[in-house]
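This report concerns only the one structure given below.
Next comes the structure, spelled out in structure tokens:
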């Protein structure tokens, strides 16, 4: 699929961009991978990292300084590009609330710039990364990503003869990602703190790894026909169980839910259920526009879900237990449960 192709990743020095680049180089032989971002320091760190990890393939990676707000720079960067993965965004909720116009310039205006550049440069496919916060948004970040999602889906109506395909991949916070709850809890535990703050003890979240996020993007690149929103079928966990998994004798302190924070992550709304189809390992929300047709855009194998179904982390049928959370964190290397908790190795990782 990606052999001899040129792939550009906006925000490519982030956690997703680095994992995506790593997995492409393991599976395919691309013509080149363009890392498009505005931080030259992070680009330098990423370049040095990949020089050590895959010195025979470092010549495949290009580092392109640029901002998605800069329309002209995007047009230059998109020359000869086959696939675009859009991961760049202002993501921190407080930062977006305090700097709303900056969030709009990046998350909305930047999305439109990518769409225009992809259409005019003849890019084959664009996959935009979304977030659960774009579903029934209650903060500005979620609002800007909702608009961004709508822009990418509607962009399929403008592809014309170029036949550029736009789709969206949606998931929540990635396990252990920067700014998420796991590294926050870990920083407190490493300081010897036994009391972990939880905003609301009823809170649940979906569990998705970087690898799973990348796999979903690969699926979108492979089979999307235009207008799809892809959502993985993944397990849920409670924040209280996560705290117990990270510290055996934890004391939980409920501090009250923060502004812009939800009790549960929502991926599919009841209203979206009328156009959502279930597949073996994922869901696809299809658009409801005149340009979309079942014969041309539908991916076979899906079953229409029951009307009124809502997919959120609180009503999930798959749940991770405390011990399963420990196993996952140990397996991923994002939290060394053996060192922090006084438990045996066999309790963390199942014996063979």
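In our numbering, the protein residues as written are 28 to 379. Virtual Cβ for every residue (Gly too), placed ideally from N, Cα, C. A quick note: this is a predicted structure, and the numbers were derived from the prediction, not measured.
Distance from the CA atom of residue 361 to the CA atom of residue 193, rounded to whole angstroms, is 33 Å. Residue 128 is not a Cβ neighbour of residue 153, given a cutoff of 8 Å.
Within the model, the alpha-carbon separation for residue 106 versus residue 33 is close to 10 Å. In the three-state DSSP reduction, residue 111 falls in the strand class (E or B).
Note on the stretch 188-272: whole beta strand (DSSP E) runs with a minimum of 3 residues are 192-198, 222-225, 231-233, 256-259, 263-265, in chain order. In the DSSP assignment, residue 305 falls outside any alpha helix (DSSP H) and within the unbroken beta strand (DSSP E) covering 303-305. Annotated as distal: residue 173 and residue 43, with beta-carbon spacing of 8 Å or more. Of all alpha-carbon atoms in 266, 207, 163, 311, the one lying nearest the alpha-carbon of residue 349 is that of 266.
In the displayed model, residue 117 falls within coil according to three-state DSSP, outside both helix and strand. In its chain, beyond the 5 residues on either side, 222, 223, 224, 225 have a beta carbon closer than 8 Å to the beta carbon of residue 280. Taking C-alpha positions only, residue 78 is separated from residue 93 by approximately 22 Å. Annotated three-state conformation of residue 309 is strand, per DSSP. Secondary structure at residue 281: strand, using DSSP grouped into helix, strand and coil. The residue among 202, 125, 252, 119 with its C-alpha nearest the C-alpha of residue 322 is 252. Residue environment for residue 259: buried (at least 16 other C-beta atoms within 10 angstroms of its C-beta). Residue 197 is classed as buried because its beta carbon has at least 16 other beta carbons within 10 Å across all chains shown. Excluding residues up to 5 positions away in sequence, 302 lie with their Cβ nearer than 6 Å to the Cβ of residue 315 in the same chain. For residue 100, the three-state secondary structure derived from DSSP is helix.
In this structure the stretch 68-77 does not lie against the stretch 94-102, because fewer than three pairs of beta carbons, one per stretch, are closer than 8 Å.
Excluding residues up to 5 positions away in sequence, 142, 193 lie with their Cβ nearer than 6 Å to the Cβ of residue 182 in the same chain.
Taking the Cα of residue 170 as reference, the smallest distance to any Cα among 148, 119, 202, 218 is reached at 119.
The alpha-carbon of residue 159 is positioned some 6 Å away from that of residue 293. In the three-state DSSP reduction, residue 105 falls in the coil class, being neither helix nor strand.
The stretch 269-276 and the stretch 238-248 do not touch, with fewer than three beta-carbon pairs separated by less than 8 Å.
Here residue 166 carries a coil assignment [DSSP, helix/strand/coil]. In the DSSP assignment, residue 339 is bridged to 293. Residue range 42-54 is occupied by the alpha helix (DSSP H) that includes residue 54. Taking each of 41, 132, 59, 61 in turn and checking the Cα distance to residue 72, the smallest one comes out for 41. In the structure shown, residue 274 adopts coil according to DSSP, grouped into three states. Membership of residue 141 in the alpha helix (DSSP H) is indicated by the continuous run 137-148.
Around the CB of residue 327, fewer than 16 other CB atoms lie within 10 Å, so the residue is classed as exposed. Cβ contact annotation for residue 184 (same chain, cutoff 6 Å, sequence separation greater than five): 318, in chain order. Here the alpha carbon of residue 291 sits roughly 10 Å from the alpha carbon of residue 199. Rounded to whole angstroms, residue 296 and residue 86 show a C-alpha spacing of 44 Å. Secondary structure note for residue 130: its alpha helix (DSSP H) is the uninterrupted segment 127-131.
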